[in-house]
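Presented below is the structure to which this report refers.
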Amino acid sequence: MSQAPTSFLENAPVLVRDWATGFLPAPARWFANSLIDIVSILAVFGLLFAFLTLAERKILGRVQNRPGPNRVGWAGWMQPFADGIKMLTKEDVVPIAADRVLHFLAPVVILAFSILTFAVIPFGRNLVPLDLDAAVVYFFAASSSTELAVFMAGWSSHNKYSLFAAMRALAQLVSYELPLLLSFVPVVLATGKLSTTGIVAAQAGWKWGFVPHWLVFTPWGAAGFAIFMVSALAESNRSPFDLPEAESELIAGHLTEYSGFKYAIFFMAEYFGMCALSGMAVTLFLGGWQAPLPALEFIPSYAWFAIKLMALLFGFMWIRATLPRLRIDQLTRLAWKFLVPLALVNLGTTAFWFLSTDWSGPFQAIRWAVAVGLVILPAILLGRSLGSGLGPRTYRYA
Amino acid sequence: MNAALILIALATLGTAAVAMAGRNLLHSVILLAATWTGIAVFYLWAGAQFVAFAQVLVYLGAISMVVLFAVLLTRRAREESVAGPELKSRTFFSVLAGLAVAVVLLAAGASAPLAVSSGPAPEVTVRDLGVLLMGPDAAALLVAGVLLTIALIGAVVLAAGSGPDEGEDAP
Chain A
1 MSQAPTSFLE
11 NAPVLVRDWA
21 TGFLPAPARW
31 FANSLIDIVS
41 ILAVFGLLFA
51 FLTLAERKIL
61 GRVQNRPGPN
71 RVGWAGWMQP
81 FADGIKMLTK
91 EDVVPIAADR
101 VLHFLAPVVI
111 LAFSILTFAV
121 IPFGRNLVPL
131 DLDAAVVYFF
141 AASSSTELAV
151 FMAGWSSHNK
161 YSLFAAMRAL
171 AQLVSYELPL
181 LLSFVPVVLA
191 TGKLSTTGIV
201 AAQAGWKWGF
211 VPHWLVFTPW
221 GAAGFAIFMV
231 SALAESNRSP
241 FDLPEAESEL
251 IAGHLTEYSG
261 FKYAIFFMAE
271 YFGMCALSGM
281 AVTLFLGGWQ
291 APLPALEFIP
301 SYAWFAIKLM
311 ALLFGFMWIR
321 ATLPRLRIDQ
331 LTRLAWKFLV
341 PLALVNLGTT
351 AFWFLSTDWS
361 GPFQAIRWAV
371 AVGLVILPAI
381 LLGRSLGSGL
391 GPRTYRYA
Chain B
1 MNAALILIAL
11 ATLGTAAVAM
21 AGRNLLHSVI
31 LLAATWTGIA
41 VFYLWAGAQF
51 VAFAQVLVYL
61 GAISMVVLFA
71 VLLTRRAREE
81 SVAGPELKSR
91 TFFSVLAGLA
101 VAVVLLAAGA
111 SAPLAVSSGP
121 APEVTVRDLG
131 VLLMGPDAAA
141 LLVAGVLLTI
151 ALIGAVVLAA
161 GSGPDEGEDA
171 P
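Right, here's the structure in full:
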């Protein structure tokens, strides 16, 4: 564990909270503290959602050599609020044959479960909303429950295209849940903990004074991080896996019959899911709120968490701007024939890594070589078999 | 404390009862998901965090999907998702199966030594659970895994067994 938190900025959020609730009796203080935690998560991530939509449009615009939204406010900075007002004032159309109760419940359920996932992410040294023993299991339990809402949305719309799209979305979400779950098992194996604070604490410290003990800097950690991020892209319906929604081809899939603010709520849930999965990736593989260098520890931990989170979110947007969409059969094949076997091999690599911890001298080099080989060779072999028979296409009548 | 338990029990049993009585299969599935959530809440109330989250992960995340796919892929038309006990033999066998399960459960419950202790609940960590599962109870885990695999392969065989000319003429 690194130095005890001393700087004022590090403790500032907790100090402010305790100052605000200090005059209350103990049981009420606990309640008020929880309430403040909830409200601050909702406020921070609600605003983050608003500005992420703007950032996404701006970044996509830059990548595609156009300015993006630049009319509302200063250079487009008020765009999210204009969008919000537009969404709120739009008519809420419900198909006459729709299952009205389920049609209403679907956005509520999806938003509720995606907000629940934020509860266990350690945002900073002192900023852990809920410190559970089995926090990682909680996180994935909550995030996998949103699948039910996708089905509810598709089925209750009484539109066969919505239903097909919901089934397609479920096939995708169920397929990618497996590599997502398998990719963090090595982390649990390595740290021996299921609590997010414990996993972050296990990644504290530096080797030789400058290489952080983040799990991504081990061969199996890097592989796990890659698998986790690819599956996270698919789980949060982001491009190149945005088949559930694919607004340019599939007229928004299971959301076809949603309008107005209900539609906006699905979007909110998608961005919340993206933020939560990125936050979990930061926690599991990138050392959580730990600073990358000892000299940089004066910057408060939550700032480091925010920087890492933003970097991952920027990566998500960059990928969206770069890669074309996959077809549904390619998508499920990638999950079952590539990511799942790789994640299973990665478990073996992790086991080897921890069986060989006491190797020293030249054996250390051998250990690294074997582990890196165990990561790269299966990836190359599986990738070859995945792409066999799909050589470069020639378009004879193009 | 007990009021919470009664609330949880009422919600769990109520959703289960409505799910059984309902005519719309899809509504029943979603109510069943609510029942499973109620069981998870009961585990939480009893202090078994890990089991509760595993319950949500497995039942809400996976089993409800299996049930949904089964319902949607076996019914041809939307109207058919309204089911009733139209066949007498079906009713008879379902009652028989329900009674058999009830007898097994009651027998197991009656023969189990239910120690009532007033002391504080023992602290069981996830590590203890894992050690128990991988140590003394490894055989049971393996048997359950093999059974489930056999069931899965059987389901694939059943699903793949139908001829290619079926299922295409649905409206």
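Residue numbers (our numbering), protein chains in the order written: chain A, 1 to 398; chain B, 1 to 171.
All residues carry an ideal CB built from backbone N, CA and C; glycine is no exception.
Only a predicted model underlies this, so the values are computations on that prediction, with no experimental measurement involved.
Looking only at its own chain, which residues have a Cβ that is under 7 Å from the Cβ of residue i, when we skip the five neighbours before and after it?
i                            : result
threonine 35 of chain B      : Thr12, Thr15, Ala16 and Ala19
alanine 82 of chain A        : Val72
leucine 255 of chain A       : Ala153, Glu245, Tyr263 and Phe266
phenylalanine 140 of chain A : Leu181
phenylalanine 210 of chain A : Leu293
leucine 286 of chain A       : Trp214, Val216 and Lys308
tyrosine 43 of chain B       : Val51, Ala52 and Gln55
alanine 142 of chain A       : Phe113, Leu116 and Thr117
leucine 305 of chain A       : Reading the sequence as shown, one finds phenylalanine at residue 305 of chain A and not leucine. Excluding positions up to five away in sequence, the list reads Phe123, Gly124, Val282, Gly288 and Trp289.
arginine 100 of chain A      : Val94
valine 29 of chain B         : Ser64, Val67, Leu68 and Val71
leucine 10 of chain B        : none
proline 67 of chain A        : Gly61
threonine 197 of chain A     : Pro122, Val128 and Asp131
alanine 4 of chain B         : Trp45
Count the other C-beta atoms from every protein chain shown that fall within 10 angstroms of the C-beta of residue i, then say buried if there are 16 or more, exposed otherwise.
i                         : result
threonine 216 of chain A  : The residue asked about is misnamed: residue 216 of chain A is valine in this sequence, not threonine. It counts as buried.
glycine 154 of chain B    : exposed
aspartate 18 of chain A   : exposed
leucine 158 of chain B    : exposed
serine 111 of chain B     : exposed
alanine 252 of chain A    : buried
glycine 279 of chain A    : buried
valine 103 of chain B     : exposed
isoleucine 8 of chain B   : buried
leucine 163 of chain A    : buried
methionine 134 of chain B : exposed
alanine 20 of chain A     : exposed
Could you check what DSSP says for residue i in three-state terms: helix, strand or coil?
i                         : result
proline 294 of chain A    : helix
aspartate 37 of chain A   : helix
aspartate 329 of chain A  : helix
tryptophan 304 of chain A : helix
tyrosine 258 of chain A   : coil
tyrosine 59 of chain B    : helix
serine 319 of chain A     : Per the sequence presented here, residue 319 of chain A reads as isoleucine, with serine not at that position. It is helical.
proline 129 of chain A    : coil
aspartate 18 of chain A   : helix
threonine 125 of chain B  : coil
tyrosine 395 of chain A   : coil
alanine 75 of chain A     : coil
Based on the DSSP output, what are the partners of residue i in its beta bridges?
i                         : result
lysine 86 of chain A      : Bridge partners of lysine 86 of chain A: none, in fact.
tryptophan 206 of chain A : A/Pro212
CB-CB under 8 Å to residue i, same chain, minus the five flanking residues each way: which ones, in chain order?
i                       : result
aspartate 92 of chain A : Ser259, Gly260, Phe261 and Lys262
alanine 134 of chain A  : Leu194 and Ser195
leucine 331 of chain A  : Gln172, Ser175, Ala234, Phe241 and Leu243
arginine 333 of chain A : Leu386
leucine 152 of chain B  : none
Short of 6 Å in beta carbon distance, which residues of its chain neighbour residue i, apart from the five on each side in sequence? Order them along the chain.
i                            : result
tyrosine 302 of chain A      : Phe123, Gly124 and Leu127
alanine 269 of chain A       : Ile110, Leu111 and Ser114
alanine 149 of chain A       : Ala106, Val109 and Ile110
serine 189 of chain A        : Serine is not the amino acid found at residue 189 of chain A; the sequence shown has leucine there. So the qualifying residues of the chain are Thr350.
aspartate 37 of chain A      : Pro129
alanine 321 of chain A       : Leu60 and Val63
valine 372 of chain A        : Pro219
phenylalanine 184 of chain A : Leu284
glycine 273 of chain A       : Ser114 and Ser236
glutamate 297 of chain A     : Ala291
phenylalanine 352 of chain A : none
arginine 367 of chain A      : Ser356 and Trp359
alanine 43 of chain A        : none
Are the C-beta of residue i and some C-beta of chain E separated by less than 8 Å?
i                      : result
leucine 194 of chain A : Absent from the structure is chain E; the protein chains it does hold are A and B.
Output, in sequence order along the chain, the residues in the segment 165-190 of chain A whose CB is closer than 8 Å to any CB in chain B.
-> Met167, Leu170, Val174 and Glu177
Interface positions of the segment 18-38 of chain B facing chain A (Cβ-Cβ less than 7 Å), listed along the chain | Leu26, Ile30 and Ala33
Relative to chain A, which residues along the segment 51-68 of chain B have a C-beta separation below 7 Å, given in chain order?
-> Phe53, Ala54, Val56, Leu57, Leu60, Gly61, Ser64, Met65 and Leu68
Against chain B: residues of the segment 134-145 of chain A by CB proximity under 8 Å = Ala134, Val137, Tyr138, Phe140, Ala141, Ala142, Ser144 and Ser145
Taking only beta carbons into account, state which residues of the segment 150-161 of chain A come closer than 7 Å to chain B, listed in chain order.
-> Phe151, Met152 and Trp155
Which residues, in chain order, does the segment 125-143 of chain B contribute to contact with chain A at a C-beta distance below 9 Å?
-> Thr125, Val126 and Arg127
Using a Cβ-Cβ cut-off of less than 7 Å, list which residues of the segment 52-76 of chain A approach chain B; keep chain order.
-> none
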